[in-house]
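Chains as they are written, first to last, in my numbering: chain E, 570 to 714; chain L, 570 to 714; chain F, 570 to 714.
Notes for the one structure printed next.
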Amino acid sequence: MLDQIHLLAAVTVLGVVEQAYFSLQVIYARRAYGISPPKVSGPPDFERLFRAQVNCSEYFPIFLAVVWQAGLFFHQGLAATLGLLYLFFRYRYFVSYKESSLGRLVPMYFSAGILWILLGFAAVGILHFFLSHYVGLNVLLFIRL
Amino acid sequence: MLDQIHLLAAVTVLGVVEQAYFSLQVIYARRAYGISPPKVSGPPDFERLFRAQVNCSEYFPIFLAVVWQAGLFFHQGLAATLGLLYLFFRYRYFVSYKESSLGRLVPMYFSAGILWILLGFAAVGILHFFLSHYVGLNVLLFIRL
Amino acid sequence: MLDQIHLLAAVTVLGVVEQAYFSLQVIYARRAYGISPPKVSGPPDFERLFRAQVNCSEYFPIFLAVVWQAGLFFHQGLAATLGLLYLFFRYRYFVSYKESSLGRLVPMYFSAGILWILLGFAAVGILHFFLSHYVGLNVLLFIRL
Numbered sequence: 570m571l572d573q574i575h576l577l578a579a580v581t582v583l584g585v586v587e588q589a590y591f592s593l594q595v596i597y598a599r600r601a602y603g604i605s606p607p608k609v610s611g612p613p614d615f616e617r618l619f620r621a622q623v624n625c626s627e628y629f630p631i632f633l634a635v636v637w638q639a640g641l642f643f644h645q646g647l648a649a650t651l652g653l654l655y656l657f658f659r660y661r662y663f664v665s666y667k668e669s670s671l672g673r674l675v676p677m678y679f680s681a682g683i684l685w686i687l688l689g690f691a692a693v694g695i696l697h698f699f700l701s702h703y704v705g706l707n708v709l710l711f712i713r714l
Numbered sequence: 570m571l572d573q574i575h576l577l578a579a580v581t582v583l584g585v586v587e588q589a590y591f592s593l594q595v596i597y598a599r600r601a602y603g604i605s606p607p608k609v610s611g612p613p614d615f616e617r618l619f620r621a622q623v624n625c626s627e628y629f630p631i632f633l634a635v636v637w638q639a640g641l642f643f644h645q646g647l648a649a650t651l652g653l654l655y656l657f658f659r660y661r662y663f664v665s666y667k668e669s670s671l672g673r674l675v676p677m678y679f680s681a682g683i684l685w686i687l688l689g690f691a692a693v694g695i696l697h698f699f700l701s702h703y704v705g706l707n708v709l710l711f712i713r714l
Numbered sequence: 570m571l572d573q574i575h576l577l578a579a580v581t582v583l584g585v586v587e588q589a590y591f592s593l594q595v596i597y598a599r600r601a602y603g604i605s606p607p608k609v610s611g612p613p614d615f616e617r618l619f620r621a622q623v624n625c626s627e628y629f630p631i632f633l634a635v636v637w638q639a640g641l642f643f644h645q646g647l648a649a650t651l652g653l654l655y656l657f658f659r660y661r662y663f664v665s666y667k668e669s670s671l672g673r674l675v676p677m678y679f680s681a682g683i684l685w686i687l688l689g690f691a692a693v694g695i696l697h698f699f700l701s702h703y704v705g706l707n708v709l710l711f712i713r714l
């Protein structure tokens, strides 16, 4: 069973490492700007960094949900590759948002685009499974003809 | 293996679509009210919409955690059906909260109630597995007598 | 298959119960201090409690991601035991943060430390799987020599 999820598991672990990096950046920024919890407001430089981390955290479970469904029901290697790309653009998003609000836009669009692609693959894979499971229809046979 | 999780996977993908819808509503509201990130405060209409999305995002991993355990250890079809109901009440919660703070209460109670039911099914299913796995006790036999 | 995940599922359900407890504490505090949603600011006592809950929610998917990978690829019993410890220190974090900002630090360090250990076990387990799957190298044989 593990050989059907090992690439997804590796991407998941890398994603956790990335989230840990983002969290540490917020902790360092809190020290640098002297903003102790529970405060979350401060100079714009801090607020951008803080919002970047919150946004990445918010999307992390959504990312895991689609990359795993796409990997299980469509193609593990493809899903894991898109997952790596997503993590790369999330990193670009974080470091660009830290510099300026506008800078976050391009990597944000790329990471959102990858989520939509993963969602599409997951939906197609699950739909294909439903058709072959309940209707006995194997769509792949049509493609091969 | 996939036939034990395909309904859960379908509900998960629908849940991601719903979260994407909520996120897009916040983006549109940011434009309409002229509230650029990293700002998260503004007129009450914006703040309610924003909090609705944050609350749904916060509960999304909790929802996935219970619907998957209930589906794997109790009954997949039942868990997926309750999952669809949860997503429906989360939608009602979002659109009602957008209108007024009070309006969010009824769908919030319903969605919370479904989470408790899923949690109960998950707990019973896992407990039953523990009993039959470690003690060799099959509780279902008692029910059938 | 379920016997490879039943301990992880049990820890997941316990974690959801804990998150529900944290959420209820915020609801009770909102009533006690008269802070109605969508407001999230108020006296320091409320803001600490609120931030404690937000922080635990933010880390919940990260915790699930590492405890499941560590359990699947390294050792289920060990991962589940560390998972219980994590939930214990998260509880300590929540009740200490409620009292004072400084009080949150020690349980925060412990819970973060457990996440790093789980992450390490997950990484080692996945790496071992990659080596034996792709290179045909069974590292455990070296240890046994």
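Ideal Cβ placement from N, Cα and C applies to all residues, glycine included.
Every value quoted in this text rests on a predicted model; they were computed, and no experiment measured them.
Burial state of residue i (16 or more Cβ within 10 Å)
i	result
L:Thr650	exposed
L:Asn707	exposed
L:Tyr597	exposed
E:Gly584	buried
F:Ala573	Note that residue 573 of chain F corresponds to Gln in the displayed sequence, not to Ala. Label assigned to F:Gln573: exposed.
E:Tyr703	exposed
F:Gly705	exposed
L:Leu700	exposed
E:Leu671	exposed
F:Val582	buried
Distance between beta carbons of residue j and residue i, contact taken as under 8 Å
i	j	result
F:Leu595	F:Gln622	Just to set this straight, residue 595 of chain F is Val in the shown sequence, not Leu. That pair is a contact at about 5 Å.
L:Leu571	E:Phe698	6 Å
F:Arg599	F:Tyr666	Their Cβ separation, rounded to whole angstroms, is 17 Å, which puts F:Arg599 and F:Tyr666 out of contact at 8 Å.
F:Tyr628	F:Pro612	About 25 Å separates the two Cβ atoms, so there is no contact after all.
F:Leu684	F:Tyr655	7 Å
E:Pro630	F:Pro630	4 Å
L:Ile695	L:Phe619	Contact doesn't hold; Cβ gap of about 36 Å is too wide.
Option in the options with minimal Cα separation from residue i
i	options	result
E:Tyr678	E:Ile695, E:Arg659, E:Leu687	E:Arg659
F:Leu577	F:Ser670, F:Leu700, F:Leu687	F:Leu687
E:Val580	E:Phe632, E:Ser626, E:Val609	E:Phe632
F:Asp614	E:Val586, E:Pro606, E:Asp614, E:Ala681	E:Pro606
F:His575	F:Gln645, F:Pro630, F:Ser626, F:Leu593	F:Gln645
E:Gly652	E:Arg673, E:Ser680, E:Cys625	E:Ser680
E:Ser626	E:Leu647, E:Phe642, E:Leu593	E:Leu593
L:Asn624	L:Gly682, L:Arg673, L:Ala634, L:Lys608	L:Arg673
F:Val586	L:Ala634, L:Phe642, L:Ala648, L:Ser669	L:Ala634
The alpha helix (DSSP H) enclosing residue i, as first and last residue numbers
i	result
L:Leu674	674 to 699
F:Asn624	613 to 642
F:Gln741	Outside the shown range of chain F (570 to 714) lies residue 741 of chain F, about which nothing can therefore be said.
L:Tyr597	575 to 602
Interface flag, residue i vs chain B, CB-CB below 7 Å
i	result
L:Ser665	Annotation note: the requested chain B is absent from the structure, which comprises protein chains E, L and F.
Are the segment 680 to 694 of chain F and the segment 633 to 648 of chain F in contact at 8 Å, needing three or more beta carbon pairs? By the Cβ rule, the segment 680 to 694 of chain F counts as touching the segment 633 to 648 of chain F, because three or more pairs are nearer than 8 Å.
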